[in-house]
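Peer 1: If you're matching them up, the sequences are chains A and B in order. Per the working numbering, residue 37 is the first one in the first sequence, and the count goes up by one each step. Per the working numbering, residue 31 is the first one in the second sequence, and the count goes up by one each step. All residues carry an ideal CB built from backbone N, CA and C; glycine is no exception. Quick one: the structure is below, questions incoming.
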Amino acid sequence: YGFTLPGWKKTKLTYRIMNYTPDLSKEDVDKAVEKAFKVWSAVTPLIFTRILKGVADIMIAFGTKVHGHCPRYFDGPLGVLAHAFPPGRGLGGDVHFDEDEDWTTGSSGFNLFLVAAHEFGHSLGLSHSNDPRALMFPNYAYISPSEFPLSPDDISGIQSIYGSSQNTPDKRPTTPTSPKICGSQMSFDAITTLRQEVIFLKGRHLWRVYPDNSEAERELISAFWPNLTPSIEAAYENTKDQILLFKGNKFWVISGYQVLLGYPKNINTLGFPKGVKKVDAAVCNKSTGKTDFFIGDKYWRFDENSQSMEKGYPRLTVDEFPGISQKVDAVFQQKGLFYFFHGSKQWEFDPIAKKVIREMKSNIWFNC
Amino acid sequence: LPIHPEKNNEDAKLVQNYLNKFYAIEPDPNQLGWKINAESADEKLQKMQQFFGLKVTGKLDNETLEIMKKPRCGVPDVGL
């Protein structure tokens with residue numbers, strides 16, 4: 037992390053929303069901004085109060101290209117999304133969002149809450165962090181709203197300026213920041229076997245399950261693989277005692293918990309055409325040595341022996357796996373059977389009989 | 031910048047713009063005097079590659095260019 041001292045000399049700060057974006061309702065903007073301030077007040081003694089007129093410490097506005105007296109300009113869609121100024125008078129603390137972006141409350145476009153939380157970090161005196169898991173990393177990365185967006189690096193940074201919230205009751209979310217594994221809506225980003233274990237990945241966390249005794253250990257992904265970004269999208273164990281992890285158009289190969297040198301590589305080195313931008317799920321059938329990559333409603337087949345994509349793909353998933361008609365979030369093989377996951381459900385599939393045997397909740401593998 | 035001639039000038043402009051925006055020492059907007067940043071493009075490029083954990087060569091490569099094209103915050107990566 038980095039910071040520009042001296043920060044604000046007071047802990048009670050005011051903010052004012054000067055205008056709104058047509059992309060969202062006013063309520064959504066108000067809520068996103070309030071929630072973004074709560075991220076920082078949860079880990080510091082800072083208290084944020086909204087005012088509706090007059091000059092606030094943190095003035096928030098949407099603008100395009102050259103906007104007001106701001107010395108920095110926006111650049112149209114994409115590129116620069118927003119900026120903010122460190123604590124101080126005049127422009128100090130102010131936050132500007134580029135109205136030429138597509139502001140959303142979800143994972144499409146740019147999530148206003150996440151960008152606002154980042155910019156408020158600057159308004160409080162933080163500069164950019166070079167830790168890719170940090171909220172204060174310069175590049176935009178979507179994080180599931182159920183996750184608390186601050187990484188340990190962010191928290192250390194802001195507390196080096198304002199101290200922790202020890203003199204006020206700790207306002208960090210009481211619920212653990214990892215998703216509730218036994219929640220009825222629990223879904224997963226990716227799942228892979230690893231020798232005797234099954235590893236479930238979601239956001240920043242992973243759970244290692246030993247199916248025979250359904251014990252589960254939760255860990256931070258960064259505890260295993262410090263340089264990996266959160267929210268892995270697909271994972272599988274190949275025939276060489278390695279696992280491959282996928283995010284966007286990149287993949288990593290891991291052998292014995294070590295990320296192999298030279299990774300990440302682009303997925304088109306596996307034989308995907310340029311148009312393929314990401315993989316939803318993947319599983320290697322240990323009996324055939326073939327790996328199926330699931331993307332949307334189709335799948336590609338990769339031969340682990342020849343290390344090449346087979347001809348004649350992609351094909352419709354439902355043709356080879358009758359009953360698996362929705363997008364595959366995650367899939368793994370256990371004792372010869374495939375387990376396909378979508379949302380909070382999973383389907384046990386017999387690849388020989390080519391039929392779904394049963395449908396279950398996604399988290400039956402945990403001792404819920 | 032040591033950019034290969036075949037690199038279209040759009041990338042060249044993007045790189046120049048990126049380095050000037052995020053790796054030039056930005057003066058404090060509330061002060062009158064604006065310091066001109068004399069660092070060369072190679073030095074700025076090396077700083078950017080170091081910040082993002084890339085191979086620090088001062089030469090433009092695909093990985094560096096890819097990072098520069100990602101949507102990001104407009105605050106410079108080097109101190110005010």
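Starting from the N-terminal side, write out each stretch of the alpha helix (DSSP H) that is 4 residues or longer and does not extend beyond the segment 271-316 of chain A.
Peer 2: The qualifying runs do not exist here; there are none.
Peer 1: Let's test the definition: count the other Cβ atoms within 10 Å of the Cβ of A:V102 and tell me whether it reaches 16, buried, or not, exposed.
Peer 2: Per the 10 Å Cβ criterion, exposed.
Peer 1: Determine which residues share a DSSP beta bridge with A:E233 and list them.
Peer 2: In the DSSP output, where bridge partners are listed per residue, A:E233 has A:L230.
Peer 1: Do you know whose CA, among A:F287, A:E356, A:K276 and A:D277, lies nearest A:L264's CA?
Peer 2: Here the closest residue by C-alpha is A:F287.
Peer 1: Identify, in the order they occur along the chain, each residue of the same chain with its Cβ nearer than 6 Å to the Cβ of A:G112, setting aside the five sequence neighbours on each side.
Peer 2: D136, listed in sequence order.
Peer 1: Would you say A:L88 lies against chain B (beta-carbon separation less than 8 Å)?
Peer 2: Cβ-Cβ to chain B under 8 Å: no for A:L88.
Peer 1: Assign A:G85 to one of two classes, buried (16 or more other C-beta atoms within 10 Å of its C-beta) or exposed (fewer than that).
Peer 2: Reading the sequence as shown, one finds Thr at residue 85 of chain A and not Gly. Result: exposed.
Peer 1: Closest Cβ-Cβ distance between A:A120 and chain B: below 8 Å?
Peer 2: It does; some Cβ of chain B falls within 8 Å.
Peer 1: Whose Cβ in chain B lies nearer than 9 Å to the Cβ of A:L117?
Peer 2: Chain B residues near A:L117: P101, R102, C103 and G104.
Peer 1: For A:Y176, return the contacting residues in chain B, with the cut-off set at a CB-CB distance below 9 Å.
Peer 2: Neighbours of A:Y176 on chain B, chain order: K100, P101, R102 and C103.
Peer 1: Would you mind listing the alpha helix (DSSP H) stretches within the segment 162-208 of chain A that are 4+ residues and don't spill past its ends, in chain order?
Peer 2: Listed in chain order, the complete alpha helix (DSSP H) runs (minimum 4 residues) inside the segment 162-208 of chain A are 188-198.
Peer 1: Taking the beta strand (DSSP E) that A:F73 belongs to, which residues open and close that run?
Peer 2: Not the beta strand (DSSP E): A:F73 falls in the alpha helix (DSSP H), residues K62 to S77.
Peer 1: Please state whether DSSP places B:P106 in a helix, a strand or coil.
Peer 2: Reduced to three states, the DSSP call for B:P106 is coil.
Peer 1: Contact between the segment 322-340 of chain A and the segment 349-357 of chain A is defined here as three or more beta-carbon pairs at a separation below 8 Å; is this criterion met?
Peer 2: With the cut-off at 8 Å, the segment 322-340 of chain A and the segment 349-357 of chain A touch.
Peer 1: Against chain B, which members of the segment 141-162 of chain A pass a CB distance test of less than 9 Å?
Peer 2: Answer set for the segment 141-162 of chain A: F146, V151, H154, E155 and H158.
Peer 1: Does the segment 42-59 of chain A come into contact with the segment 169-177 of chain A, if we say contact requires no fewer than three beta-carbon pairs (one atom in each stretch) closer than 8 Å?
Peer 2: Judged by Cβ distances under 8 Å, the segment 42-59 of chain A makes no contact with the segment 169-177 of chain A, as fewer than three pairs qualify.
Peer 1: Determine the extent of the alpha helix (DSSP H) in which A:F156 is found, giving its start and end residues.
Peer 2: Note, A:F156: alpha helix (DSSP H), L148 to S159.
Peer 1: Please report the straight-line C-alpha distance between A:T40 and A:A78, rounded to a whole angstrom.
Peer 2: The straight-line gap from Cα to Cα measures roughly 21 Å.
Peer 1: Could you work out which residues of chain B lie near A:L49, taking near to mean beta carbons separated by less than 8 Å?
Peer 2: Those within 8 Å of A:L49 in chain B number zero; the least Cβ separation is about 18 Å.
Peer 1: Let's see if you can read the secondary structure: which residues bound the alpha helix (DSSP H) around B:Y48?
Peer 2: First-last of the alpha helix (DSSP H) with B:Y48: N39 to F52.
Peer 1: With the cut-off set at 8 Å, would you say A:G38 and A:P123 are in Cβ contact?
Peer 2: No; because the gap between Cβ atoms is not below 8 Å, this pair is not in contact.
Peer 1: Assuming A:E384 is part of the beta strand (DSSP E), what are its boundary residues?
Peer 2: Its beta strand (DSSP E) spans residues K381 to D386.
Peer 1: So that I know if they touch, is there some Cβ in chain A lying closer than 8 Å to that of B:D107?
Peer 2: Closer than 8 Å to some Cβ of chain A, the Cβ of B:D107 qualifies, so yes.
Peer 1: Measure the Cβ-Cβ separation of A:A97 and A:H132 and say whether it is below 8 Å.
Peer 2: Cβ atoms of A:A97 and A:H132: closer than 8 Å.
Peer 1: Classify A:D225 as buried or exposed, calling it buried when 16 or more other Cβ atoms lie within 10 Å of its own Cβ.
Peer 2: Buried: at least 16 other Cβ atoms inside 10 Å.
Peer 1: Would you list, in sequence order, the uninterrupted alpha helix (DSSP H) runs of no fewer than 4 residues that lie entirely inside the segment 339-399 of chain A?
Peer 2: Correct list: 353-356.
Peer 1: From B:P101 to A:D138, what distance separates their C-alpha atoms?
Peer 2: B:P101 and A:D138: Cα-Cα distance of roughly 12 Å.
Peer 1: Comparing alpha-carbon positions, which option in A:L373, A:F374, A:G379 and A:R351 lies nearest A:K363?
Peer 2: Checked all of A:L373, A:F374, A:G379 and A:R351; the closest Cα to A:K363 is A:G379.
Peer 1: Please list the terminal residues of the continuous alpha helix (DSSP H) segment that includes B:A71.
Peer 2: A71 to F81 is the extent of the alpha helix (DSSP H) around B:A71.
Peer 1: On a Cα-Cα basis, can you pick out the residue from A:G157, A:Y198 and A:V319 that is closest to A:S187?
Peer 2: It is A:G157.
Peer 1: At which residues does the beta strand (DSSP E) containing A:T327 begin and terminate?
Peer 2: It spans K326 to I331 - the beta strand (DSSP E) in which A:T327 sits, taken as one unbroken run.
Peer 1: Please classify A:R394 as buried or exposed, where buried requires at least 16 neighbouring CB atoms within 10 angstroms.
Peer 2: Counting Cβ neighbours within 10 Å, A:R394 comes out exposed, since fewer than 16 surround it.
Peer 1: Short check: CB of A:F368 to CB of A:T228, under 8 Å?
Peer 2: Contact: yes.
Peer 1: Under a three-way DSSP split, which group does B:I97 fall into?
Peer 2: Residue state, collapsed to three classes: helix.
Peer 1: Thinking C-alpha only, which one of A:S61, A:I194 and A:K216 is nearest A:T140?
Peer 2: When each option's Cα is compared against that of A:T140, the closest is A:S61.
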